[in-house]
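K.L.:
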Amino acid sequence: MLEVTNLSKSFGSAQVLKQVSFKAQDGQILGLIGQNGAGKSTTFHSILNFIQFTGTISWNGQALTEKDYNIIGYLPEERSLMPKLTVQQQIRYLARLKGYQTADIDRQIPKWLERFAVKGDKKDKIKSLSKGNQQKIQLICTLLHQPKLIILDEPFSGLDPVNADLLKQAILEAKQAGATIIFSDHDMSNVEDLCDQVLMLKQGKVVLTGDLQAVREQFGRNRLFVKTDWSTERLAALPHVIQVALTRAGTYRLTLDTESAGPEIFTALTQGHYIQTFDQQPPTLDEIFRMKAGATDD
Amino acid sequence: MTKTGIVAGETYARQVKSWSFLILVLSPFLFILLSFGVGYLSASTSQARNTIAVVANDSNLRQEFIQSNTLQTTGKHATLPTAKQALQQNKIQGYLVLKTENNQIQVTYHGTKQLESSAKQALQQFVIQKQQHLNQQAANLTSRQLHQLNQLPQIQEKVEKGESTTDLAKLVSFWVLLFLMYFILVTYTSTTAQEIASEKGTKIMEIIFSSTTARKYFYGKMLGVFGVIVTQIAIYLVGGFALYGLAPHLAITKTLFQQYRDLIDQVLKNFFSVNLLYVLLGVVIFTILAALSGALVTRPEDATKAAQPALYLVMLGFFGALTLNKQAELLVVKILSYVPFLSSFFMPLRVIDGSVSGLEVLGSLIILVLSIAGLTYYVGGIYSGLMLQTDNVGFWKSFKRGIQIR
């Protein structure tokens with residue numbers, strides 16, 4: 001288990017992290033969300049000991065030190081490999097730095113290349129691969145040594161849906177193997193698909209934390225999804241409805257001022273009418289994010 | 001293997017397997033072989049063209065003249081028509097016609113260019129000697145009279161052997177050492193700074209620093225480069241010894257080697273001394289500085305600029321030593337021979353000059369070694385910050401920000 005307590009970091013006069021605390025459990029995935037500049041990468045850099053900070057970061061109750069490097073798998077935000085090396089040389093080099101033996105690495109390489117459907121040979125130079133395939137090689141370098149703590153900084157950026165699914169599958173397999181996984185993403189659907197826990201930073205401070213479903217529930221089930229032949233105006237005139245929006249699927253999304261108004265609206269809609277859909281939901285993570293971030297520019 | 005060892009091995013293998021290293025290592029040998037080859041070929045070709053054919057009515061006189069090596073002659077083209085033809089075909093420089101008529105030797109030279117004055121003198125001397133011989137025979141002199149007549153003045157030249165060679169050896173040693181060091185320094189500072197800057201530009205350092213500490217990585221990197229430098233110098237030494245061993249036996253180098261054997265031996269003696277250690281340590285300290293410069297660059301396209309600070313210092317040492325090479329006793333030279341970075345240029349200058357004591361050399365070496373250790377430790381400590389600081393804010397600000405990160 002990774003435990004971060006009162007993590008703070010300043011660059012000159014700018015305080016980038018303010019008393020950040022959270023826990024990431026073994027076999028669980030923690031989604032770290034926040035706007036650009038919220039402090040996500042700085043949090044990762046602190047865990048990885050790239051930078052000096054105040055507070056404590058511990059792994060299974062012990063301070064995370066150099067001896068723990070071999071259990072970490074890290075995928076940075078900016079993708080990078082050594083262009084002049086071959087695929088095999090690149091994977092070997094980074095895996096050897098993680099304490100893996102060359103013979104073991106060589107045994108693993110074909111399996112991983114197949115698993116991520118990398119187009120090309122292990123003897124190909126990195127620079128000769130497409131951007132997508134280079135990204136896959138980097139993912140292989142992150143996961144091949146079977147790390148116990150996996151830190152992924154925006155891992156889905158630049159991946160097409162097929163490859164994103166491959167990565168999701170790999171992340172879920174690592175979770176099943178008991179790894180502690182933290183990843184950041186700007187696409188809340190990825191976070192909702194994968195995460196058990198969520199942590200939101202805003203200007204270096206934790207503004208939201210906890211189990212994903214519980215976090216959503218704490219905002220109340222004040223979203224109604226209704227499929228009916230009523231007009232927008234008629235729906236907006238209903239009591240406790242503060243907003244009506246028509247989704248692409250032809251479903252109306254009603255925002256209520258209180259969760260308890262649900263049954264009253266159901267009664268009103270169904271009296272003498274047939275409705276195809278009536279679903280009362282808490283806000284999505286995306287909506288929560290926008291609410292908490294207080295802006296929609298991200 | 002330790003992580004420092006893995007990084008060192010990777011750095012070493014990558015550089016040694018590169019084309020640039022192969023070219024760097026082979027180029028001096030290729031240059032030497034090419035110079036000798038071209039020299040030998042042009043000498044052989046021009047030798048044939050510069051020969052003189054000899055035509056004579058007295059075959060004994062002709063043979064004597066050819067064997068006397070008075071001029072660069074050829075035994076071919078013994079008749080007038082063949083000699084004329086050879087001259088027309090530009091195969092020879094000219095031909096001599098030797099005639100003995102009425103006890104008098106007549107010599108006529110036909111050629112495309114004039115005989116050199118030394119050749120003319122030698123020819124005259126040979127002919128005068130032969131004419132005297134004919135005269136003496138005609139005069140019927142006694143052997144005592146002949147002996148008296150042949151009496152020659154005695155001229156002696158006494159030169160202290162070695163003194164002039166030693167001066168020349170000092171000069172040659174200094175130039176060879178200086179240019180070799182400059183050549184190696186420029187190569188390694190550029191290569192190292194560019195490699196570090198490129199690594200920083202590709203952002204791979206975050207992945208590497210999640211596997212090992214920046215300090216260990218930096219030490220590994222420097223060890224790898226040090227291994228490459230040692231390999232290069234070792235190849236030069238082995239190659240140099242091989243050339244030294246082969247030179248007396250090869251036709252193209254035999255004469256030259258014999259002629260300059262003393263000089264070569266003294267140059268080698270000057271070179272295989274503490275000066276070699278200065279070359280090695282000089283390259284090491286400049287490589288560390290180059291790594292620091294490389295780590296301050298933020299964009300991959302600026303990688304070529306990365307080596308500039310280190311190169312400026314190399315040039316300062318190079319041109320300084322070049323200017324002051326005959327003034328080893330100057331105070332400024334003495335001071336600079338203790339200053340790290342510059343001591344690698346100025347102390348060898350004093351060592352070759354022979355104006356420095358062993359204790360002074362030891363003092364300068366200790367300062368240099370301590371500086372290398374101190375600089376390595378310091379850069380190792382700030383390396384993570386420098387490599388992770390990627391804002392394009394210029395060298396100085398980049399350095400300040402890099403220090404702040406850690």
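Those protein sequences? They're chains V and P, same order as listed. When we follow full-length UniProt numbering, the leftmost residue of the first sequence carries the number 1, and every step to the right adds one. When we follow full-length UniProt numbering, the leftmost residue of the second sequence carries the number 1, and every step to the right adds one. Glycine residues also receive a C-beta, built at the ideal position from the N, C-alpha and C atoms. In this text the structure is predicted, and so the values were computed from the model without any measurement.
Since Lys203/P meets chain V, which of its residues come closer than 8 Å, beta carbon to beta carbon?
P.N.:
Ordered by position in chain V, the residues that pass the 8 Å Cβ test against Lys203/P are Pro76, Glu78, Arg79 and Ser80.
K.L.:
Name, in chain order, the residues that DSSP records as bridge partners for Leu224/V.
P.N.:
Its beta-bridge partners are Leu254/V and Gln280/V.
K.L.:
What residue from Leu32/V, Pro263/V and Ser10/V has the CA that sits closest to Leu201/V's CA?
P.N.:
That would be Leu32/V, whose Cα lies nearest to the Cα of Leu201/V.
K.L.:
So with CB distances below 8 Å, who are the chain V contacts of Phe286/P?
P.N.:
The premise fails here: Phe286/P is roughly 24 Å from chain V at the closest Cβ pair, so nothing lies under 8 Å.
K.L.:
Do you know how far the Cα of Ile91/V is from the Cα of Ile109/V?
P.N.:
Rounded to the nearest angstrom, the two C-alpha atoms are 8 Å apart.
K.L.:
In whole angstroms, what separates the C-alpha of Val7/P from that of Arg79/V?
P.N.:
Near 21 Å, if we compare the C-alpha coordinates of Arg79/V and Val7/P.
K.L.:
Is the Cβ of Glu10/P closer than 8 Å to any Cβ of chain V?
P.N.:
Yes, its Cβ sits closer than 8 Å to a Cβ of chain V.
K.L.:
Who are the Cβ neighbours of Leu168/P in its own chain at under 7 Å, not counting the five residues just before and after it?
P.N.:
Excluding residues within five positions, the ones whose Cβ falls inside 7 Å are Leu263.
K.L.:
Run through DSSP, which three-state label would Trp19/P get?
P.N.:
If DSSP states are grouped into helix, strand and coil, Trp19/P belongs with the helices.
K.L.:
Name the residue from Asn57/P, Thr192/P and Leu24/P whose alpha carbon lies nearest to the alpha carbon of Ala290/P.
P.N.:
It is Thr192/P.
K.L.:
Quick check on Ser357/P: buried or exposed, where buried means 16 or more other Cβ atoms within 10 Å of its Cβ?
P.N.:
The residue in question, Ser357/P, is exposed, as its Cβ has fewer than 16 Cβ neighbours within 10 Å.
K.L.:
Determine the DSSP secondary structure at Gln15/V, reduced to helix, strand or coil.
P.N.:
Reduced to three states, the DSSP call for Gln15/V is strand.
K.L.:
Kindly say whether Ile72/V, judged by its beta-carbon, lies nearer than 8 Å to any beta-carbon of chain P.
P.N.:
Yes, Ile72/V counts as interfacial toward chain P.
K.L.:
In chain order, what residues of the same chain lie with their CB nearer than 6 Å to the CB of Ser190/P, ignoring the 5 residues before and after it?
P.N.:
Closer than 6 Å at Cβ, skipping near neighbours: Ala307.
K.L.:
Any idea if Ile208/P is buried or exposed, counting beta-carbon neighbours within 10 angstroms, 16 or more meaning buried?
P.N.:
Label assigned to Ile208/P: buried.
K.L.:
Only counting the same chain, and skipping five residues up and downstream in sequence, which positions put a Cβ closer than 7 Å to that of Phe219/V?
P.N.:
If we look at Phe219/V and ignore the five residues flanking it on each side, its Cβ neighbours are Pro282, Pro283 and Ile288.
K.L.:
Just curious, the alpha helix (DSSP H) that Lys111/V is in, first and last residue?
P.N.:
Note, Lys111/V: alpha helix (DSSP H), Thr102 to Arg115.
K.L.:
Taking all protein chains shown into account, do 16 or more other C-beta atoms lie within 10 angstroms of the C-beta of Ala177/V, making it buried, or fewer, making it exposed?
P.N.:
Exposed, because fewer than 16 other Cβ atoms sit within 10 Å of the Cβ of Ala177/V.
K.L.:
Report the rounded CA-to-CA distance for Gln85/P versus His110/P, giving the unit in angstroms.
P.N.:
About 12 Å.
K.L.:
Can you check whether the CB of Thr376/P is closer than 8 Å to the CB of Lys216/P?
P.N.:
Going by C-beta atoms, Lys216/P is not nearer than 8 Å to Thr376/P.
K.L.:
What alpha helix (DSSP H) runs, 4 residues minimum, are completely inside the region 320-403 of chain P?
P.N.:
Complete alpha helix (DSSP H) runs here, min 4: 331-336, 343-353 and 358-388.
K.L.:
For Leu281/P versus Val369/P, is the C-beta spacing smaller than 8 Å?
P.N.:
Going by C-beta atoms, Leu281/P is nearer than 8 Å to Val369/P.
K.L.:
What residue range is occupied by the uninterrupted beta strand (DSSP E) comprising Thr108/P?
P.N.:
Start and end: Gln104 to Gly111.
K.L.:
Contact check, Gly381/P vs Gly402/P under 8 Å by CB: the rounded distance?
P.N.:
Between Gly402/P and Gly381/P the Cβ distance is about 11 Å, and since that is not below 8 Å, they are no contact.
K.L.:
Taking 8 Å as the CB-CB cut-off, is Leu388/P touching chain V?
P.N.:
Yes, Leu388/P counts as interfacial toward chain V.
K.L.:
On the three-state DSSP scale, how would you describe Tyr69/V?
P.N.:
Three-state result, Tyr69/V: helix.
K.L.:
Short of 7 Å Cβ to Cβ, which residues in the region 199-223 of chain P face chain V?
P.N.:
Flagged, chain order: Thr202, Lys203, Ile204, Glu206, Ile207, Ile208, Phe209, Ser210, Ser211, Thr212 and Thr213.
K.L.:
Please confirm whether Ile23/P has its beta-carbon closer than 8 Å to some beta-carbon of chain V.
P.N.:
No, because no Cβ of chain V sits closer than 8 Å to the Cβ of Ile23/P.
K.L.:
Which residue's Cα is closest to the Cα of Ile235/P: Arg14/P, Ser27/P, Thr2/P and Tyr95/P?
P.N.:
That would be Ser27/P, whose Cα lies nearest to the Cα of Ile235/P.
K.L.:
Can you give, in chain order, each stretch of the beta strand (DSSP E) that sits fully within the region 136-222 of chain V and has at least 3 residues?
P.N.:
The region 136-222 of chain V contains these whole beta strand (DSSP E) runs: 149-153, 180-184, 197-202 and 205-211.
K.L.:
What is the C-beta distance between Ser46/V and Asp153/V, in whole angstroms, given that I count them as a contact (C-beta under 8 Å)?
P.N.:
Contact flag wrong, Cβ pair sits at about 13 Å.
K.L.:
In three-state terms, what does DSSP make of Asn50/P?
P.N.:
It is coil, neither helix nor strand.
K.L.:
Got a sec? Which residues, its chain only, sit under 6 Å from residue 364/V by beta carbon, not counting five neighbours each side?
P.N.:
The structure shown does not extend to residue 364/V, since chain V is modelled only from 1 through 298, so no value can be given for it.
K.L.:
Between which two residues does the alpha helix (DSSP H) carrying Gly227/P extend?
P.N.:
Residues Ala214 to Leu246.
K.L.:
In angstroms with no decimal places, state the Cα-to-Cα distance between Glu116/P and Gly224/P.
P.N.:
Computed Cα separation, rounded: 59 Å.
K.L.:
Quick one: what's got a C-beta closer than 6 Å to Lys170/P's C-beta in the same chain, skipping five residues either side?
P.N.:
Result list for Lys170/P: Ile352, in chain order.
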